[in-house]
Amino acid sequence: RQSVEERNHALMFVQYLIDRGVQTEIPALEPVRNAFETPRDAIGLALDLERSVTDQISRLAGTARDEGDYLGEQFLQWFLKEQVEEVAMMTTLVRIAERAGADLFHLEDYVAREISAGSADPSAPKAAGGAV
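In the working numbering, the protein residues as written are -14 to 117.
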């Protein structure tokens, strides 16, 4: 579910660039890390990545404002709001993983209870090719 959401977010950026007449090229991705000592380590990396994305989007929004690109700044507002939610969720998940220790049942129980499939946000920008 999370990877589909991230894909949709990337395609929202692509669609925005297409709509603005910007030539768009999607670069290759670097290999991902997929071996971790503990679940907490994996979740900690996810939290670090969400914080990094938040910083990147904040810098983009700042640049848009500095350049007088009000459409770009407005487009990025949705992503800034989304990042607040993502960082908060990952921060909570790290805490739950730390408390759970080796007992993964507590972590799994929390995820099943608290992290729902959710529904599409009607205020979200449209994704190139449509959201999945």
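No residue lacks a Cβ here, since even glycine has one placed at the ideal position from N, Cα and C.
This structure is a prediction, so every number in the text was calculated from the model and none was measured.
* Taking all protein chains shown into account, decide if F21 is buried (16 or more other Cβ within 10 angstroms of its Cβ) or exposed. => To locate residue 21, count along the sequence shown from 1; it is residue 36. Exposed: under 16 other Cβ atoms inside 10 Å.
* Asked: Three-state secondary structure (DSSP) at A109?
  -> Residue numbering aside, residue 109 sits at position 124 when the sequence shown is read from its first letter. Coil at A109, not helix or strand.
* To do: Can you give me the Cβ contacts of I28 inside the same chain, cut-off strictly under 7 Å, excluding the 5 residues immediately before and after it?
  => Locating residue 28 in the sequence shown gives position 43, where the first residue counts as 1. M75, L78, V79, A82.
* To do: Return the residue from the list G57, R(-8), S108 that minimises the CA-CA distance to I11.
  => Position 26 of the sequence shown, counting from 1, holds the residue named residue 11. With distances taken between Cα atoms, I11 lies closest to R(-8).
* Going by the beta-carbon positions, is the gap between V38 and Q68 smaller than 8 Å? -> One-based indexing of the sequence shown puts residue 38 at position 53. One-based indexing of the sequence shown puts residue 68 at position 83. Yes, Cβ-Cβ distance for V38 and Q68 is below 8 Å.
* **Span of the alpha helix (DSSP H), counted from its first residue to its last, around P12** => As a first step, residue 12 must be located in the sequence shown, where it is residue number 27. No alpha helix (DSSP H) contains P12, which DSSP labels as neither H nor E.
* **Status (buried if at least 16 other CB within 10 Å, exposed otherwise) for D91** => The sequence position of residue 91 within the sequence shown is 106, counting from 1. The amino acid occupying residue 91 in the given sequence is His; Asp does not appear at that position. By the 10 Å Cβ count, H91 comes out exposed.
* With DSSP as the reference, label F21 as helix, strand or coil. => Stepping through the sequence shown from its first residue, residue 21 is reached at position 36. Residue state, collapsed to three classes: coil.
* Report the option in L32, L65, L30 whose CA atom is closest to the CA atom of L45. => Residue numbering aside, residue 45 sits at position 60 when the sequence shown is read from its first letter. The shortest Cα separation from L45 among L32, L65, L30 belongs to L65.
* Could you work out which residue in L14, R36, F(-2) is closest to P110 when comparing CA atoms only? => Translated into the one-based positions of the sequence shown, residue 110 becomes position 125. Per the Cα distances, F(-2).
* If we call anything under 8 Å between Cβ atoms a contact, is E71 one with E35? -> Numbered from 1 along the sequence shown, position 86 holds the residue referred to as residue 71. Numbered from 1 along the sequence shown, position 50 holds the residue referred to as residue 35. In terms of Cβ geometry, E71 and E35 form a close pair [threshold 8 Å].
* Are the Cβ atoms of A113 and Q(-13) separated by less than 8 Å? -> As a working note, residue 113 is residue 128 in the sequence shown. As a working note, residue -13 is residue 2 in the sequence shown. No; because the gap between Cβ atoms is not below 8 Å, this pair is not in contact.
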